[in-house]
Structure formats: C-alpha cells, structure tokens
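Novice: Chains as they are written, first to last, in the numbering used here: chain A, 6 to 164; chain B, 6 to 164.
Backbone N, C-alpha and C fix where the C-beta goes; we use that ideal spot for every residue, glycine too.
Just so we're clear, the structure is a prediction, and the values are computed from it rather than from any experiment.
Structure in structure tokens, see below.
In structure tokens form, the structure reads like this:
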C-alpha cells in the first residue's frame, strides 16, 4: 500500500514553500525545488500545474515570477491534500468502476476497508502542512539550504 | 492508494474457502476459484503458494487433494492478513529503504503518516475473515454457485 509519487512530490513542494514562507524572498522556482530534492523538473512541472489548478499555490511567470503558497500552512489540511492528490482511494477492485468481482454485492470487504480508509483519513484531517515542519523548522531550513535567507522586512512602527 | 492485486486475490481465495467450509466437500481447487472469480490460474497459483507458506491454508496434491483453510474464519484477522500479504506498507519514500528525500531527518511526515497507517490497520484488526461473510452468507453461496453443495454429515448422537 503506497501513496502515489504525485502525492509524495506534492507534499515536498508544499513543505518547501512552507519553509520558505516568511522569508524576504519567499517565491520559489521549479528548478530550485528540483535541485534540492533531486527530482526531475518534468515531474515537478506536472505536480506544480496540478497544485495550482487545485488552488494550493500561485504560479506566476516572468522575471519576478515563481511559486507561492496560496494559504497559510496551518490552513492546509493533510487529509484534504491526500484526497485531492491521490487519483484513486479505491483500495481493491470492488471500490472502483468496472469492478468484476463476483461477490461484491454480498461481501462485506468494501464497508470494512471503507471504515479503515476513513480512520486513515481522519488522522490526516487532524494535521496541517504546518505540522510537517513542527519544532524542527530550523533543521528543515538547513537541509533545504534556506537558513541564510533573510526574513521578510517588517514595517516598524514609528518610534 | 491501493492494496496490491496479491492482497485482493488472497482475500477472495480465503473468502471462497470460508464459504465452502462446513460443506461436505469443503476442499477447493485453483481451477474452481479461478473460474468463479474469472482470475487467471497462474495468478492464483502464486497466491495459493504464498498463502500456504504463510500458514493460511493447506494445499495437497492428488485426486483427493485441494485447498483447505488451516484455521477457522473467525480466527483469521484481516489486519494480520493485510500485514502478511502487502509487500510494502511504506506509504511514501521516507518509509522505505533507499530513501533519498533530503528532509527526512527533520520532517514530520513519516510519524504522521505512520499514525494514519496504524489507525487503518487497527480497524482491520477488529475484523476477521468470518466478518466478510456476515449475514449475507447465503447470497455469497449463491454468487459462488456453492448453494447446492450438501453440508457436512455430522455424527448424530445415538437416539
């Protein structure tokens, strides 16, 4: 039982953007994420296009373009994300269109596996993208070579 | 997120044997199961070999040979079966050997997904093979063309 590479890479892209959020330069490029995670740009382009379509990020072109989270990390539910990015939560054939299993109409496998899947997603619904960063945010910044980026300049109140 | 065909077919083989259990002729053949579920014999041979190795069934050759459950359906945990038959419960790369994700050491994805997986399996641990049959056992017998098999002759107490 695995999640797709698509979900795995979506989580990495959003985590990267979440770690970068609050930095002076918080926009990221596909090239930069591809390099940090050693993932092919082609793969990432598809992931970014879909995350943009799903409303998780803004992707703008041009010299000052780049990728930005559309919501605060604490507002991005992991359960919602997995539901959005997994093309198929049909664990076995009787969950899916075109099911040919002889006994589906009388067998209790589907409701039982359905209950297990609901428990899986219910755990993920309790967490957000912010929880992936957790207390080790500084370590994540180091691992992603983001620890020397200055924080965003905040408007100071006049003294 | 899917379970493998191997797990799906293992569930079907064991369900078939469970429905047949208690019949006068409770042994089943691979040919018979392949025909009822329209699954290739070659696939099923691999499944049966592995279920035998794992201790779920007896497979004996010869004229009076066949497949028999080794335990009562109520003693076969669905959680245990899925753990035994899924080759890999590593949902994303950081669960698996050879993980190359840059941020595994600091990211909280693995423990969070691990908690979700544990919740999934905990539900399945509450059910057994007997629960797949449930109240619709007669319907299952019909769907599998087992409804006209006589029950096992029980030794009657002398009157």
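1) What does residue 13 (chain A) touch in chain B if you count any residue whose Cβ is under 7 Å from its own?
2) Among the residues of its own chain, which have a CB less than 7 Å from the CB of residue 38 (chain A), if the five just before and after it don't count?
3) What does DSSP give as the partner residues of residue 33 (chain A) in its beta bridges?
4) Any Cβ of chain A within less than 8 Å of the Cβ of residue 29 (chain B)?
5) Alpha carbon to alpha carbon, what distance is there between residue 54 (chain A) and residue 106 (chain A)?
6) Please give me, in chain order, every unbroken run of the beta strand (DSSP E) with length at least 3 that falls completely inside the segment 62-115 of chain B.
7) By the DSSP assignment, the alpha helix (DSSP H) with residue 45 (chain A) in it spans what residues?
8) Would the segment 101-121 of chain A and the segment 75-91 of chain A be scored as touching if the rule is three or more Cβ pairs under 8 Å?
9) At a cut of 8 Å, does the segment 144-160 of chain A reach the segment 29-46 of chain A through at least three beta carbon pairs?
10) With DSSP collapsed to three states, give me the class of residue 9 (chain A).
11) Who are the neighbours of residue 132 (chain B) on chain A, taking C-beta pairs under 7 Å?
12) Enumerate in chain order the residues of its own chain whose CB-to-CB distance from residue 150 (chain B) is below 8 Å, with the five nearest sequence positions on each side excluded.
13) If you draw a straight line from the C-alpha of residue 115 (chain A) to the C-alpha of residue 109 (chain A), how long is it?
14) Using a threshold of 8 Å, state whether the C-beta atoms of residue 11 (chain B) and residue 122 (chain A) are closer than that.
15) So, is the C-beta of residue 35 (chain A) closer than 8 Å to a C-beta in chain B?
16) Got a sec: which bits of the segment 140-156 of chain B sit with their beta carbon under 7 Å from any beta carbon on chain A, in order along the chain?
17) Express the C-alpha separation of residue 95 (chain B) and residue 79 (chain A) in angstroms, rounding to a whole number.
18) Please classify residue 25 (chain B): does DSSP put it in a helix, a strand, or coil?
19) Rounded to the nearest angstrom, what separates residue 23 (chain A) and residue 9 (chain B) at their Cα positions?
20) Kindly indicate which three-state DSSP category residue 156 (chain A) falls into: helix, strand or coil?
Specialist: Taking the definition as stated:
1) For this step, residue 13 (chain A) is matched to residue 8 along the first chain. Result: 97, 98.
2) As a first step, residue 38 (chain A) is located in the first chain; it is residue number 33 there, counting from the start. So the list reads 18, 21, 49, once near-sequence residues are dropped.
3) Mapped onto the first chain, residue 33 (chain A) falls at position 28. Looking at the DSSP assignment, residue 33 (chain A) forms a beta bridge with A:72.
4) As a position in the second chain, residue 29 (chain B) is number 24, starting the count at 1. Chain A places no beta carbon closer than 8 Å to that of residue 29 (chain B), leaving this residue out of the contacts.
5) For the purposes of this step, residue 106 (chain A) is taken as residue 101 along the first chain, with counting starting at 1. For the purposes of this step, residue 54 (chain A) is taken as residue 49 along the first chain, with counting starting at 1. Rounded to whole angstroms, residue 106 (chain A) to residue 54 (chain A) spans 36 Å at the Cα level.
6) Counting whole runs of 3 or more residues, the segment 62-115 of chain B contains the beta strand (DSSP E) stretches 62-65, 71-74.
7) To locate residue 45 (chain A), count along the first chain from 1; it is residue 40. Element bounds for residue 45 (chain A): n/a, residue is neither H nor E.
8) Contact fails: fewer than three Cβ-Cβ distances are below 8 Å.
9) Short answer: they touch.
10) Looking up residue 9 (chain A) in the first chain gives position 4. Residue 9 (chain A): coil per DSSP, three-state reduction.
11) Translated into the one-based positions of the second chain, residue 132 (chain B) becomes position 127. In chain order: 117.
12) The residue given as residue 150 (chain B) occupies position 145 in the second chain. Result list for residue 150 (chain B): 41, in chain order.
13) Here residue 115 (chain A) is taken as the residue at index 110 of the first chain, counted from 1. Here residue 109 (chain A) is taken as the residue at index 104 of the first chain, counted from 1. Each residue's CA atom was taken as its position, placing residue 115 (chain A) and residue 109 (chain A) some 8 Å apart.
14) Position 6 of the second chain, counted from the start, is the residue given in the question as residue 11 (chain B). Position 117 of the first chain, counted from the start, is the residue given in the question as residue 122 (chain A). Taking 8 Å as the Cβ cut-off, residue 11 (chain B) and residue 122 (chain A) do not qualify as a contacting pair.
15) As a working note, residue 35 (chain A) is residue 30 in the first chain. So, not an interface residue.
16) For the segment 140-156 of chain B, the set of positions with a beta-carbon nearer than 7 Å to some beta-carbon of chain A reads 141, 144, 145, 148, 149 in chain order.
17) In the first chain, the residue the question calls residue 79 (chain A) occupies position 74. In the second chain, the residue the question calls residue 95 (chain B) occupies position 90. Rounded to the nearest whole angstrom, the C-alpha separation of residue 79 (chain A) and residue 95 (chain B) is 26 Å.
18) For the purposes of this step, residue 25 (chain B) is identified with residue 20 of the second chain, where counting begins at 1. If DSSP states are grouped into helix, strand and coil, residue 25 (chain B) belongs with the helices.
19) Position 18 of the first chain, counted from the first residue, corresponds to residue 23 (chain A). Position 4 of the second chain, counted from the first residue, corresponds to residue 9 (chain B). The straight-line gap from Cα to Cα measures roughly 33 Å.
20) Your numbering for residue 156 (chain A) matches position 151 in the first chain. When secondary structure is reduced to three states using DSSP, residue 156 (chain A) falls in the strand class.
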